[in-house]
Amino acid sequence: MRLTSPMPSPAIPTKQTVALVRQLGGPLEFIHDWPVPSPGPDEILAKVLYTGVCQSDLHTKNGTAAGIDGPIRNIKLPHIGGHEGVGRIMRLGSGLPERDPSIHIGALVGIRFAARVCRRCEYCLSGKEQYCQGVGGWKPTNHLHHEDGAFQEYIVLDAGYLTLLPAETDPVLAAPTLCAGLTAYKAVLNADVKVGDWVVVVGAGGGLGQYAVQYARNNGAKVIGIDTGEEKKDLVESFGATFLDFRKTTSDLIPQVQRLTQSGAHSVIVCAGSSAAFAQAASMLRVGGTLCCIGIPPGGGRIETSVAEIVIKGIKIHGSLVGNLKECLDAVKQVTDGLVKPKVQVRPFEDLPAVYEEMEKGEIAGRVVLKIGDDPGPGIGPQSRL
Numbered sequence: 001m002r003l004t005s006p007m008p009s010p011a012i013p014t015k016q017t018v019a020l021v022r023q024l025g026g027p028l029e030f031i032h033d034w035p036v037p038s039p040g041p042d043e044i045l046a047k048v049l050y051t052g053v054c055q056s057d058l059h060t061k062n063g064t065a066a067g068i069d070g071p072i073r074n075i076k077l078p079h080i081g082g083h084e085g086v087g088r089i090m091r092l093g094s095g096l097p098e099r100d101p102s103i104h105i106g107a108l109v110g111i112r113f114a115a116r117v118c119r120r121c122e123y124c125l126s127g128k129e130q131y132c133q134g135v136g137g138w139k140p141t142n143h144l145h146h147e148d149g150a151f152q153e154y155i156v157l158d159a160g161y162l163t164l165l166p167a168e169t170d171p172v173l174a175a176p177t178l179c180a181g182l183t184a185y186k187a188v189l190n191a192d193v194k195v196g197d198w199v200v201v202v203g204a205g206g207g208l209g210q211y212a213v214q215y216a217r218n219n220g221a222k223v224i225g226i227d228t229g230e231e232k233k234d235l236v237e238s239f240g241a242t243f244l245d246f247r248k249t250t251s252d253l254i255p256q257v258q259r260l261t262q263s264g265a266h267s268v269i270v271c272a273g274s275s276a277a278f279a280q281a282a283s284m285l286r287v288g289g290t291l292c293c294i295g296i297p298p299g300g301g302r303i304e305t306s307v308a309e310i311v312i313k314g315i316k317i318h319g320s321l322v323g324n325l326k327e328c329l330d331a332v333k334q335v336t337d338g339l340v341k342p343k344v345q346v347r348p349f350e351d352l353p354a355v356y357e358e359m360e361k362g363e364i365a366g367r368v369v370l371k372i373g374d375d376p377g378p379g380i381g382p383q384s385r386l
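Just so you know, we're using UniProt numbering here: the sequence shown kicks off at 1 and counts up by one.
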């Protein structure tokens, strides 16, 4: 009888390439001899395959990320950004296979905004763990401010809050869906979009907006996408939405929306991260409409809407910070099933500085996805425990 020898454990280097800033607002540096981290008992080590580039990464790098009380300064330095990543598990912390057989080497995992949550506070217990406040002095962390993110070749993740992705998931399309897609999907849920509703998406041709248009369309809505430029026009119209160029219709944008929707939209989803995008949003709504805010302008921004308009029209204002784990998996499933087809540009890791420059100029339609490393595939060896 012939015996099959066990596969060797996957080889993991001791050094890796990362992209970081040493000070907020400082230059982006590529470091090629950064230590590869080791997972603790309740952690896994993943090889990063792809990651999207989010506007929030740019704001955090620049020191302009807006918090409730002003710019967010409690940011780990040196700062390694990236919170739209997909990787493969390469190594398991001790005891994990016995505690959770679903976590195994070769599995696909997501690297999302939320890194560690307590799972015991009122928000975690009610399915709103993205707002986790922690318990007993313990504080939650995220990959945007507190922990190293996906702009590196290897990353350690909390096994207790792991985003395990189905084997058939396309890592290129899933990566931006973990943040941009999830955020837009949650906004559509919050707006309670129904068949026949009119939905206006402001910033429709960007990374967030392209998802909002498609998720709203999947709910049976009629969508108006507002943005500027021929490339974004073509993108928005390819999803079956009506396009309005705000640069060409500045003076009569609201009348056009009112005319198309026959008295105003049921909901307006503002995806653009600029104060100007919020300026006229409420005036596009009909009585009882919902304003969903998901783009955050530098400095925090303001909604320039009179209290009288909010009261008289019965407007609901809904803020939304990404979404929970179940909603994330639901958003990814629509992409896997081909119901949502995000436009992505796959570019090499070293293009990150150029991508940031293009984002600052508003030149990117859809989302950029960086290729961080080659995919070793799901069958990369037996479970390795530290």
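Ideal Cβ positions, reconstructed from N, Cα and C, are used throughout, including at glycine.
Segment contact flag, the segment 192-205 with the segment 267-277, C-beta cutoff 8 Å, min 3 pairs: yes
Cβ shell of I155 (< 8 Å), same chain only, five flanking positions each side left out: To locate residue 155, count along the sequence shown from 1; it is residue 155. Excluding sequence neighbours, I155 sits near P37, L45, A46, V48, G85, G87, I111, D148, G149.
Best match in A114, K15, V236 for proximity to H146 [C-alpha to C-alpha]: Position 146 of the sequence shown, counting from 1, holds the residue named residue 146. When only C-alpha atoms are compared, the closest one is A114.
Whole-number beta carbon distance between H32 and T51, since they are thought to touch under 8 Å: Translated into the one-based positions of the sequence shown, residue 51 becomes position 51. Translated into the one-based positions of the sequence shown, residue 32 becomes position 32. Not really, about 18 Å apart at Cβ, beyond 8 Å.
Sequence-distant residues of the same chain with beta carbon closer than 6 Å to residue 390, five excluded per side: The structure shown does not extend to residue 390, since the chain spans only 1 to 386, so no value can be given for it.
Close-in-space but distant-in-sequence residues of the same chain around L339 (CB under 6 Å, 5 per side omitted): In the sequence shown, residue 339 corresponds to position 339, counting from 1. Same-chain partners within the cutoff: N218.
Within the segment 201-255, ranges of the alpha helix (DSSP H) (whole runs, at least 4 residues): 207-218, 230-238
Per-residue burial, T250 [other beta carbons within 10 Å of its own, 16 or more giving buried]: Against the sequence shown, residue 250 aligns to sequence position 250. Answer is exposed; the Cβ neighbour count stays below 16.
Segment contact, 8 Å Cβ cut-off, at least three pairs: the segment 300-319 with the segment 135-144: no
For A107 and G300, believed in contact at Cβ under 8 Å, the rounded distance: Taking the first residue of the sequence shown as 1, we reach residue 300 at position 300. Taking the first residue of the sequence shown as 1, we reach residue 107 at position 107. So it is not a contact: roughly 39 Å between Cβ atoms.
contact_flag[the segment 123-135, the segment 61-78] where n(CB pairs < 8 Å) is 3 or more: no
Rounded C-alpha distance that separates A331 from S94: The residue labelled residue 331 in the question sits at position 331 within the sequence shown. The residue labelled residue 94 in the question sits at position 94 within the sequence shown. Approximately 32 Å, taken between the alpha carbons.
Given L173 as reference, the closest of D42, R367, L28 once Cα atoms are compared: Stepping through the sequence shown from its first residue, residue 173 is reached at position 173. Answer by Cα proximity: R367.
Per DSSP, the bridge partner or partners of A265: On the sequence shown, position 265 is the one that residue 265 refers to. Answer is L285, bridged to A265.
Which listed residue (R120, I380, K326, L370) has its alpha carbon closest to that of E153: Translated into the one-based positions of the sequence shown, residue 153 becomes position 153. The shortest C-alpha separation from E153 is found at L370.
Residues near D100 in its chain [Cβ-Cβ closer than 8 Å; skip 5 each side]: Against the sequence shown, residue 100 aligns to sequence position 100. Closer than 8 Å at the Cβ level, and outside the excluded window around D100, lie A159.
Three or more C-beta pairs below 8 Å linking the segment 161-175 and the segment 333-350: yes
Limits of the unbroken alpha helix (DSSP H) element including F278: Along the sequence shown, read from residue 1 onward, the residue named residue 278 stands at position 278. Where F278 is concerned, the enclosing alpha helix (DSSP H) stretches over 275-279.
Candidates G136, Q256, P255, A204, of which the one nearest D234 by Cα: Translated into positions along the sequence shown, residue 234 becomes position 234. The residue with the shortest Cα to Cα distance from D234 is A204.
Cβ separation of H79 and V21, assumed to be a contact under 8 Å, to the nearest whole Å: Counted from its first residue, the sequence shown places residue 79 at position 79. Counted from its first residue, the sequence shown places residue 21 at position 21. The Cβ separation is near 5 Å, so the contact holds.
Proximity winner among L164, Q210, T163, Y161, relative to A184 (alpha-carbon distances): Taking the first residue of the sequence shown as position 1, residue 184 is located at position 184. If we check each option's Cα against that of A184, Q210 comes out closest.
Local conformation of Q152 per DSSP, three classes: Taking the first residue of the sequence shown as position 1, residue 152 is located at position 152. If DSSP states are grouped into helix, strand and coil, Q152 belongs with the strands.
Alpha-carbon to alpha-carbon, Y131 and P10: Walking along the sequence shown from the start, residue 10 turns up at place 10. Walking along the sequence shown from the start, residue 131 turns up at place 131. Those two C-alpha atoms are separated by around 36 Å.
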